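**Q** Going by UniProt numbering, the letters in the sequence shown line up with residues 1 to 182, in that order. First the structure, which I've put down as structure tokens, then a few questions once you've had a look.
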Amino acid sequence: MVFGHDTELFLTTTAALVNTSSDGVDGLTTHEGLRAYLAAAGWSGTVLGTDDELASVRALRDHLRTFWMIEDRAEAARFVNELLADTDAHPFLTKHDAYDWHLHLTHDDAPLADRIGAEAAMGFLDLIREDQLDRLRTCAADDCEDVLVDLSKNRSKRYCDTGNCGNRTNVAAYRARKRATS
Ligand SMILES: [Zn+2]
Ligand SMILES: [Zn+2]
């Protein structure tokens, strides 16, 4: 594991949120779409199911995507500090269900977009502290704009998890080689 468990979870769920908008298709236009993301990402706590809530999560998602484009650490730090302030993050230790003491950033009944945004900020801030912003990448497939976070030890991850892009790209390269030799 490259970062702490919490950090890796925050980063992968944030990438998954950004990728709910993929290849021109927005998966968060409906409450069902939001519920599907929340279930897949393991979110608990209050979900109001209102249109305002849905709109705020979509706006947050589009804002979070811009973090993938930031290379400068000072700019990245500003982004995270604003996000922590906007989401009203108040870190506290808690222990519940099967989990030992761990950090919560907002209360369970805080607005959904604030809870998601605060966790994204906590994931991002470790990348800044450790000077590893380059672990945030865009998929290497030509036709894919999805984002990824490379948590591999040897920094070898190049394709997103959403579109089967690694396989597709290998098959395309294989076909191109075959065409070239026939
Ligand atoms: Zn918890
Ligand atoms: Zn991809």
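Cβ coordinates follow ideal geometry from the N, Cα and C atoms, glycine included. This one's a predicted model, so the numbers in the text were calculated from it and none came from an experiment.
Please classify Tyr99: is it buried, with 16 or more other beta-carbons within 10 angstroms of its beta-carbon, or exposed?
**A** When all chains shown are included, Tyr99 counts as exposed.
**Q** Taking contact to mean at least 3 C-beta pairs separated by less than 8 Å, is the region 78 to 97 in contact with the region 120 to 140?
**A** Yes, the region 78 to 97 touches the region 120 to 140.
**Q** Along the chain, where does the beta strand (DSSP E) containing His104 start, and where does it finish?
**A** Counting along the chain, the beta strand (DSSP E) containing His104 begins and ends at 102 to 104.
**Q** Give me the Cβ distance between Asp88 and Ala110, rounded to the nearest whole Å; I'm assuming they're in contact under 8 Å.
**A** The Cβ separation is near 7 Å, so the contact holds.
**Q** Please enumerate, following chain order, all residues with a beta carbon closer than 7 Å to at least one heavy atom belonging to ligand 2.
**A** Ordered along the chain, the selected set is Cys139, Ala141, Cys144, Asp146, Tyr159, Cys160, Thr162, Gly163, Cys165.
**Q** Would the beta-carbon of Val2 fall within 7 Å of that of Leu151?
**A** Yes, the Cβ-Cβ distance between Val2 and Leu151 is below 7 Å.
**Q** Between the Cα of Asp51 and those of Trp68, Arg135, Glu75, Gly33, spot the shortest distance and give me the residue it belongs to.
**A** The shortest Cα separation from Asp51 among Trp68, Arg135, Glu75, Gly33 belongs to Gly33.
**Q** Considering only C-alpha positions, which residue in the set Ala41, Leu103, Arg73, Thr66 is nearest to Val147?
**A** Cα-wise, what sits closest to Val147 is Thr66.
**Q** By the DSSP assignment, the alpha helix (DSSP H) with Arg78 in it spans what residues?
**A** That run of the alpha helix (DSSP H) goes 73 to 86.
**Q** If you measure from each residue's Cβ to the nearest non-hydrogen atom of ligand 1, which ones come out under 7 Å, in chain order?
**A** Every residue passing the under-7 Å Cβ criterion appears here: Thr94, His96, Tyr99, His102, His104.
**Q** Which whole-angstrom value describes the C-beta separation of His104 and Phe92, a residue pair presumed to lie in contact below a C-beta threshold of 8 Å?
**A** About 6 Å; that satisfies the 8 Å criterion.
**Q** On the DSSP letters alone, give me the boundaries of the beta strand (DSSP E) that Val149 sits inside.
**A** 147 to 149 is the span of the beta strand (DSSP E), which, as asked, contains Val149.
**Q** Using a Cβ-Cβ cut-off of 8 Å (strictly less than) and excluding sequence neighbours within five positions of Cys165, which residues of its own chain qualify?
**A** These residues qualify, in order along the chain: Cys139, Ala140, Ala141, Cys144, Asp146, Tyr159.
**Q** Are Ser21 and Thr162 touching if we call contact CB-CB under 7 Å?
**A** No; because the gap between Cβ atoms is not below 7 Å, this pair is not in contact.
**Q** Run through DSSP, which three-state label would Phe92 get?
**A** In this structure, Phe92 counts as strand in the three-state DSSP scheme.
**Q** With 16 as the cutoff for other CB atoms within 10 Å, does Gly4 come out buried or exposed?
**A** When all chains shown are included, Gly4 counts as exposed.
**Q** Tell me where the alpha helix (DSSP H) around Asp175 begins and ends.
**A** According to the sequence shown, residue 175 is Arg rather than Asp. Segment 165 to 181, the alpha helix (DSSP H) holding Arg175.
**Q** Which word fits Ala176, buried or exposed, when buried means at least 16 other C-beta atoms lie within 10 angstroms of its C-beta?
**A** Under this definition Ala176 is an exposed residue.
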